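Trainee: Chains as they are written, first to last, in the UniProt record's numbering: chain A, 1 to 137; chain B, 1 to 79.
Dropping the structure here:
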């Protein structure tokens with residue numbers, strides 16, 4: 001786990017990690033949230049809607065932003081204050097995602113960083129993009 | 001920018017941050033007068049002010065502000 005102090009951070013600094021989406025992740029997410037929507041849980045239903053299989057929850061994909069801030073940038077001192085995201089493309093079981101954050105602004109007075117975030121799939125297509133406001137505490 | 005213009009712009013910032021178009025500020029307005037004005041929203045206010053007015057605060061200044069009037073005066077002093 002990283003442990004950057006505010007003074008160690010610079011605009012343009014990036015961190016990223018990879019994660020593979022599994023069936024177990026979707027099932028665990030359903031158990032936690034109670035979202036039983038068939039698009040995420042019924043393969044035949046999802047195929048009838050034009051997808052190759054069950055569609056991963058958008059919020060499951062977005063949940064890796066928590067890891068990005070809490071483990072990678074800034075890491076241990078992270079306190080996520082704000083997240084804005086757009087889900088650009090669907091994510092499926094077996095997709096290998098790359099989660100990336102780039103510091104675009106540092107607000108010294110309140111020790112807050114603004115992070116531009118993108119998540120891409122194995123084909124290099126953006127599946128999520130957004131911004132995060134993170135306090136370094 | 002005059003004090004009145006700063007005050008009007010600050011009112012717009014408050015309405016945007018708290019998503020409440022009914023907010024009316026006075027010099028005496030404090031966090032006790034706006035239900036959602038907590039420490040996290042205070043940070044959002046500071047960040048929004050720094051961007052809008054193109055000024056920088058330091059932590060001591062922020063902690064010493066007692067009400068909206070002092071916030072306006074601090075911003076005017078930096079323009």
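Backbone N, C-alpha and C define an ideal beta-carbon position, used for all residues, glycine too. Bear in mind the structure is a predicted one, so any value in this text is a computation, not a measurement.
Can residue 23(B) and residue 49(B) be called in contact, C-beta distance under 9 Å?
Mentor: By one-based count along the second chain, residue 23(B) stands at place 23. By one-based count along the second chain, residue 49(B) stands at place 49. No. Outside cutoff.
Trainee: If we cut at 9 Å on Cβ distances, does residue 59(B) have a partner in chain A?
Mentor: Residue 59(B) sits at position 59 when you count from the first residue of the second chain. Chain A contact via Cβ: present.
Trainee: Taking one C-beta from the region 14–25 of chain A and one from the region 92–101 of chain A each time, how about it: are there three or more such pairs within less than 8 Å?
Mentor: Yes: the two stretches touch, three or more of their Cβ pairs being nearer than 8 Å.
Trainee: For the beta strand (DSSP E) containing residue 47(A), list its first residue and its last residue.
Mentor: Residue 47(A) sits at position 47 when you count from the first residue of the first chain. Residue 47(A) -> not in any beta strand (DSSP E); alpha helix (DSSP H) instead, spanning 43–48.
Trainee: Grab me the residues of residue 106(A)'s own chain with a C-beta within less than 7 Å of its C-beta, minus the 5 sequence neighbours each way, in chain order.
Mentor: The residue given as residue 106(A) occupies position 106 in the first chain. Taken in chain order, the residues that qualify are 9, 11, 113.
Trainee: Apply the 10 Å Cβ neighbour rule to residue 79(B) and answer buried if 16 or more other Cβ atoms are within range, or exposed otherwise.
Mentor: Working through the second chain from its first residue, we reach residue 79(B) at position 79. Burial call: exposed.
Trainee: Once DSSP output is grouped into helix, strand and coil, what is the label at residue 132(A)?
Mentor: Mapped onto the first chain, residue 132(A) falls at position 132. Of the three classes helix, strand and coil, the one that applies to residue 132(A) here is strand, per DSSP.
Trainee: Nearest to residue 88(A) by alpha carbon, out of 128(A), 55(A), 100(A), 119(A)?
Mentor: Working through the first chain from its first residue, we reach residue 88(A) at position 88. Residue 128(A) is the option with its Cα nearest to residue 88(A).
Trainee: Assuming residue 46(B) and residue 78(A) make a contact with CB atoms under 8 Å, what is their CB distance in whole Å?
Mentor: Here the question's residue 46(B) lines up with position 46 in the second chain. Here the question's residue 78(A) lines up with position 78 in the first chain. Contact doesn't hold; Cβ gap of about 19 Å is too wide.
Trainee: Figure out for me which residue from 52(B), 58(B), 17(B) has the closest Cα to the Cα of residue 38(B).
Mentor: On the second chain, position 38 is the one that residue 38(B) refers to. With distances taken between Cα atoms, residue 38(B) lies closest to 17(B).
Trainee: Alpha carbons only, please: which of 104(A), 99(A), 51(A) is nearest the one belonging to residue 125(A)?
Mentor: Counting from one through the first chain, the residue named residue 125(A) turns up at place 125. Of the candidates 104(A), 99(A), 51(A), the one whose C-alpha sits nearest the C-alpha of residue 125(A) is 99(A).
Trainee: Can you check which of these residues, 51(B), 69(B), 1(B), 2(B), is closest to residue 27(B) by C-alpha distance?
Mentor: What you label residue 27(B) is simply residue 27 of the second chain in a count that begins at 1. The residue with the shortest Cα to Cα distance from residue 27(B) is 69(B).
Trainee: So, with DSSP's three-state summary, where would you put residue 18(A)?
Mentor: Numbered from its first residue, the first chain carries residue 18(A) at position 18. Looking at residue 18(A) - three-state DSSP - the assignment turns out to be strand.
Trainee: Would you identify the three-state DSSP class for residue 87(A), choosing helix, strand or coil?
Mentor: Here residue 87(A) is taken as the residue at index 87 of the first chain, counted from 1. Note: residue 87(A) maps to strand in three-state DSSP.
Trainee: Please report how far the alpha carbon of residue 54(A) lies from the alpha carbon of residue 83(A), in whole angstroms.
Mentor: Taking the first chain and counting its residues from 1, the one referred to as residue 54(A) is at position 54. Taking the first chain and counting its residues from 1, the one referred to as residue 83(A) is at position 83. If I take the Cα positions, the gap works out to 26 Å.
Trainee: Looking only at DSSP bridge pairs, what is residue 75(A) linked to?
Mentor: Taking the first residue of the first chain as 1, we reach residue 75(A) at position 75. Per DSSP, 3(A).
Trainee: Taking the CB atoms as reference points, tell me whether residue 136(A) and residue 5(A) lie closer together than 9 Å.
Mentor: Reading the first chain from its first residue, position 136 is the one you call residue 136(A). Reading the first chain from its first residue, position 5 is the one you call residue 5(A). Contact: yes.
Trainee: My output table needs one value for residue 3(B): the three-state DSSP class, helix, strand or coil.
Mentor: Counting from one through the second chain, the residue named residue 3(B) turns up at place 3. It is helical.
Trainee: To the nearest angstrom, how far is the alpha carbon of residue 53(B) from that of residue 40(B)?
Mentor: Counting from one through the second chain, the residue named residue 53(B) turns up at place 53. Counting from one through the second chain, the residue named residue 40(B) turns up at place 40. Approximately 20 Å between the Cα atoms of the pair.
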